[in-house]
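> Each residue of the sequence shown is one higher than the last, beginning at 755 in the numbering used here.
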Amino acid sequence: MQLGVMMRPIQLLQRLFFLTALFVCISSTAQPSGLFFGGLGSIAQSEVAFSKDVDNTHPDNPTTVAGRIFQTTNEGDGYLAHVGATVGLRHTWDSQFLSVQLEVATGAGRVSGFVPGAGISSSRAQYGEAWPETFEVSRTNEIGLVAKWGRSTQMNSWTAISGWYVLLGARFVVEADFELRHQRGCYIPSGCEGQQFQSGSFQYEVEDRTFQFGAGLEHTFNDRLAAQLELRIETPFEKTWVDKFENDTVLVGHELELTKLTVSLNILRFF
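#1: Check the DSSP bridge columns for Arg-1023 and list the partner residues they point to.
#2: DSSP three-state call for Gly-873: helix, strand or coil?
#3: For Val-865 versus Leu-1012, is the C-beta distance shorter than 8 angstroms?
#4: In or out: Arg-986 buried (at least 16 other Cβ within 10 Å) or exposed?
#5: Please state the DSSP three-state secondary structure of Gly-945.
#6: In whole angstroms, what is the alpha-carbon distance linking Val-854 and Thr-888?
#7: Indicate whether at least one CB of chain B lies closer than 8 angstroms to the CB of Tyr-958.
#8: Entirely within the segment 911-940 and at least 4 residues each: give me those alpha helix (DSSP H) ranges in chain order.
#9: Confirm, please, whether the CB-CB distance from Gly-954 to Asp-809 is below 8 angstroms.
#10: Where does Gln-855 sit, in a helix, a strand or coil, going by DSSP?
#11: Between which two residues does the beta strand (DSSP E) carrying Gln-825 extend?
#12: Expressed to the nearest angstrom, what Euclidean distance is found between the alpha-carbon atoms of Asn-828 and Phe-975?
#13: For the segment 788-806 and the segment 826-842, state whether three or more C-beta atom pairs, one from each stretch, are separated by less than 8 angstroms.
#14: Can you find the residues in the same chain that come closer than 6 angstroms, C-beta to C-beta, to His-836, ignoring five residues on each side of it along the sequence?
#15: Measure the C-alpha to C-alpha separation of Trp-918 and Ala-980 and round it to an integer number of angstroms.
#16: Would you decide whether Leu-843 is buried or exposed? Buried here means 16 or more other CB atoms lie within 10 Å of its CB.
#17: So Glu-857 and Leu-794 are in contact, right, with Cβ under 8 angstroms, and what is the actual spacing, rounded?
#18: Straight-line CA distance for Tyr-958 to Thr-994?
#19: Using a Cβ-Cβ cut-off of 6 angstroms (strictly less than) and excluding sequence neighbours within five positions of Ala-924, which residues of its own chain qualify?
#20: Looking at the unbroken beta strand (DSSP E) that takes in Val-900, where does it start and where does it end?
#21: Could you check which residue in Val-996, Ser-916, Arg-878, Ala-820 has the C-alpha nearest to that of Gly-904?
#22: Report the three-state DSSP secondary structure of Gln-785 (helix, strand or coil).
#23: Can you give the Cα-Cα distance for Val-996 and Leu-1015, rounded to whole angstroms?
#24: Cα-Cα, which of Glu-984, Ser-877, Glu-801, Arg-978 is closest to Phe-790?
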């Protein structure tokens, strides 16, 4: 992961964080506490690793490459952005605070790569081979539960960072759109020539649970309004599945791994 690529979303959200402070010029005099709701936005530098195995070793396999296994793999990267809402409860004591919040977010973007394919034909696109394909994650819907513990800095300037915190959470990816696209593939077990090759795509909806940990900075405008800028590291999203063709004599196994480093901006309103 290149540092220069990561700095662009971080710098963007830093600017949003301080621009929000400029528009709400109210001194911070007390820590907010109690029930809260808010909005969140995030940008995630994401990397995806994808591999595919095409297994033709079944004794009744009808393809021209019967008895063989072909495997192809590669990595890609991109950005996923999310917007959503949060609701939670926060308790403060002395200069410390502890909060638990539920988050719901939906996102879009493009994290993609290309697998070169594997096979014995010149095009690696005969039925039973691992075709060259573009793979892409384009959208995710997520629900998470996050706990935050932090300290107030006791600064009352409206431009100052009024607190810092660490966080730990669990996130359930309810739905992630994954697509495979090939420009040239054969759908006939006996082999293809010329116009029998076709382009096409396969769409999947995958889900998984991940964990997050990270840290953040907080600015409280007053005892009812706060902004948070945070960095989250997420454990890999991992999913495997198998497609079966030709009466289960051709097995296509997929393995997908998505990792994210997320910068987010939260605006919280306390009751």
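The beta carbon of each residue, even a glycine, is placed where N, CA and C say it ideally should be.
Taking the coordinates as given:
#1: Position 269 of the sequence shown, counted from the first residue, corresponds to residue 1023. Looking at the DSSP assignment, Arg-1023 forms a beta bridge with Phe-791, Leu-979.
#2: On the sequence shown, position 119 is the one that residue 873 refers to. In the structure shown, Gly-873 sits in coil (DSSP, three-state: anything other than H, G, I, E or B).
#3: Sequence index remark: in the sequence shown, residue 865 carries index 111 (1-based). Sequence index remark: in the sequence shown, residue 1012 carries index 258 (1-based). Cβ atoms of Val-865 and Leu-1012: closer than 8 angstroms.
#4: As a working mapping, residue 986 is identified with position 232 in the sequence shown. Burial call: buried.
#5: In the sequence shown, counting from the first residue as 1, residue 945 sits at position 191. DSSP places Gly-945 in coil when its eight states are reduced to three.
#6: Position 100 of the sequence shown, counting from 1, holds the residue named residue 854. Position 134 of the sequence shown, counting from 1, holds the residue named residue 888. The straight-line gap from Cα to Cα measures roughly 40 angstroms.
#7: The structure shown contains no chain B, having only a single protein chain.
#8: none
#9: If you number the sequence shown from 1, residue 809 lands on position 55. If you number the sequence shown from 1, residue 954 lands on position 200. No; because the gap between Cβ atoms is not below 8 angstroms, this pair is not in contact.
#10: Locating residue 855 in the sequence shown gives position 101, where the first residue counts as 1. Note: Gln-855 maps to strand in three-state DSSP.
#11: Stepping through the sequence shown from its first residue, residue 825 is reached at position 71. Here the beta strand (DSSP E) through Gln-825 covers 823-847.
#12: The residue labelled residue 828 in the question sits at position 74 within the sequence shown. The residue labelled residue 975 in the question sits at position 221 within the sequence shown. Asn-828 and Phe-975: Cα-Cα distance of roughly 47 angstroms.
#13: yes
#14: What you label residue 836 is simply residue 82 of the sequence shown in a count that begins at 1. Cβ within range, chain order: Ser-796, Ala-859, Gly-861.
#15: Stepping through the sequence shown from its first residue, residue 918 is reached at position 164. Stepping through the sequence shown from its first residue, residue 980 is reached at position 226. When rounded, the distance between both Cα atoms is 12 angstroms.
#16: Indexing the sequence shown from 1 puts residue 843 at position 89. With fewer than 16 other Cβ atoms within 10 Å, it is exposed.
#17: On the sequence shown, position 103 is the one that residue 857 refers to. On the sequence shown, position 40 is the one that residue 794 refers to. With 8 angstroms as the limit, Glu-857 and Leu-794 qualify as a contact, their Cβ atoms being about 7 angstroms apart.
#18: Translated into the one-based positions of the sequence shown, residue 958 becomes position 204. Translated into the one-based positions of the sequence shown, residue 994 becomes position 240. Cα to Cα, the separation comes out at about 12 angstroms.
#19: Within the sequence shown, residue 924 is the residue found at index 170, counting from 1. Within the same chain, Ala-924 has close Cβ partners Leu-899, Phe-965.
#20: Residue mapping note: residue 900 aligns to position 146 of the sequence shown, counting from 1. Element bounds for Val-900: 887-906.
#21: Translated into positions along the sequence shown, residue 904 becomes position 150. Nearest in C-alpha terms to Gly-904, of all of Val-996, Ser-916, Arg-878, Ala-820, is Ser-916.
#22: If you number the sequence shown from 1, residue 785 lands on position 31. Here Gln-785 sits in coil by DSSP.
#23: Position 242 of the sequence shown, counting from 1, holds the residue named residue 996. Position 261 of the sequence shown, counting from 1, holds the residue named residue 1015. If I take the Cα positions, the gap works out to 28 angstroms.
#24: As a working mapping, residue 790 is identified with position 36 in the sequence shown. The shortest C-alpha separation from Phe-790 is found at Arg-978.
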